[in-house]
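Counting from 342, one number per residue, gives the positions in the sequence shown under my numbering. Yeah, the Cβ is synthetic: ideal placement off N, Cα and C, and Gly gets one too. Being a predicted model, the structure only gives us computed values, none of them experimental. To start, the structure under review is shown below, and the notes come after it.
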Amino acid sequence: MYFISQYLKATERRLETQGIHSPLIDAEVLMSVAINRPREFLYAHPEYEMTDEEIVRYDAFISRRCNREPVAYITGKKEFYGLNFFVNDSVLIPRPETEEIVENTLAILKKSSGKCAVIDVGTGSGCIIIAIAKTSLMHHYYAAVDISIDALNIARENANQHGVQNKIAFFHGNLIEPILNAPQKKFDAIIIAANLPYITPAQYKTLEPEIVRYEPGSALLTPTDDSYYYYRELEKQTEIMKKIYSVPIYRLYETDKGIQKIPI
């Protein structure tokens, strides 16, 4: 007979010895998935008896977490801007700080009286563009670009899940090149939102095992010691876009210093 309260206490200690920073939270999240109940259930029913199948499933989850695999990859989902997104090791795990890009974009759209283009560069799971497209009540043009086919497939899957698959155009390619090469559309303004790799090889060596072992290095690492390498490339392409469209272009770039504009 195994009560979840007993299992949680033992698991918390086990995770703590492995250097996990939030052992109790991780234990609870994985338990809720293992028994297919919300986390609130764990507090309301501490003497719930786990079935053999649930125990096997939970033990497998905990073993993976002890190997420092991120909880989001174990469960296959991560919440972002109040929405759940499917994730695996082909895409970065959405971070709370990235929600600032969504907030800033929505603020620009709210003030705009015309039709805007919102371009999510390096879309990954699609969390940024999907949150914007699902939240904004106005009719705008939404596009997502990624150089990874696997990432684009996940972004499309998430768009389908949230019912915005017909609102977003997906492009495969380098930064905004595929949009520059696409047939020109009419916009009153363009918003470029990007969370591109900005971690240098030297910085990468100091990161947590969860990141280094499991998250895609191609979505994190710059090829040189210049943190802004990809943003400078994007800025060069943005200058070309300026000449093509002749409309205001807003840039919302996430870096190690927050959301900012990067000089060429």
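Could you tell me which residues DSSP puts in a beta bridge with Asp-461?
Ala-485 and Ala-534
To the nearest angstrom, how far is it from the Cα of Asp-393 to the Cα of Ile-434?
31 Å
With distances taken Cα to Cα, identify the nearest neighbour of Met-372 among Gln-359, Ala-401, Pro-557 and Phe-427.
Ala-401
Leaving out five residues before and five after Ile-415 in sequence, what residues of the same chain have Cβ atoms less than 7 Å from its Cβ?
Leu-371, Phe-402, Arg-405 and Arg-406
Count the other CB atoms, across all protein chains shown, that sit within 10 Å of the CB of Lys-598; report buried if there are 16 or more and exposed otherwise.
exposed
For the ligand FMN, I want to know if Glu-551 counts as a neighbour, meaning its beta carbon is within less than 7 Å of at least one of the ligand's heavy atoms.
You won't find the ligand FMN in this model; it holds no ligand whatsoever.
Check whether Ile-469 and Asn-536 have beta carbons under 8 Å apart:
yes
Any 3 or more C-beta pairs closer than 8 Å across the segment 496-504 and the segment 518-532
no
I'd like the list of long-range same chain contacts for Ile-376, defined as Cβ closer than 6 Å, with 5 residues on each side in sequence excluded.
Glu-395
Could you name the residues that DSSP lists as bridge partners for Asn-425?
Glu-420
Would Ser-466 be called buried (16 or more neighbouring beta carbons within 10 Å of its own) or exposed?
buried
Following the continuous alpha helix (DSSP H) through Ile-376, name the residue where it begins and the one where it ends.
Unbroken run through Ile-376: none, as it is neither H nor E.
What are the partner residues of Glu-390, as DSSP defines its beta bridges?
Phe-344
Inter-stretch contact (C-beta, 8 Å, three-pair minimum) for the segment 562-571 and the segment 533-550:
yes
Since Pro-387 and Ile-345 are thought to touch, with beta carbons under 8 Å apart, how far apart are those beta carbons, to the nearest angstrom?
6 Å
Ignore the nearest five residues each way along the sequence and tell me which others in Leu-450's own chain have a CB closer than 7 Å to its CB.
Cys-457, Ser-477, Met-479 and His-481
Just to confirm my understanding: we take Ala-413, look at its own chain, exclude 5 residues before and 5 after, and list those with CB closer than 6 Å. What are they?
Lys-419, Val-428 and Ile-434
Could you work out which residue in Thr-563, Ile-442, Ile-552 and Glu-556 is closest to Ile-532 when comparing CA atoms only?
Ile-442
Sort Asn-522, Glu-518 and Ala-474 by Cα distance to Asn-507 and report the nearest one.
Ala-474
Cβ distance (whole Å) where Val-462 is taken to contact Leu-575 below 8 Å
6 Å
Length of the line joining the Cα atoms of Arg-644 and Pro-364
Examination of residue 644 is not possible in this model, given that the chain is present from 342 through 605 alone.
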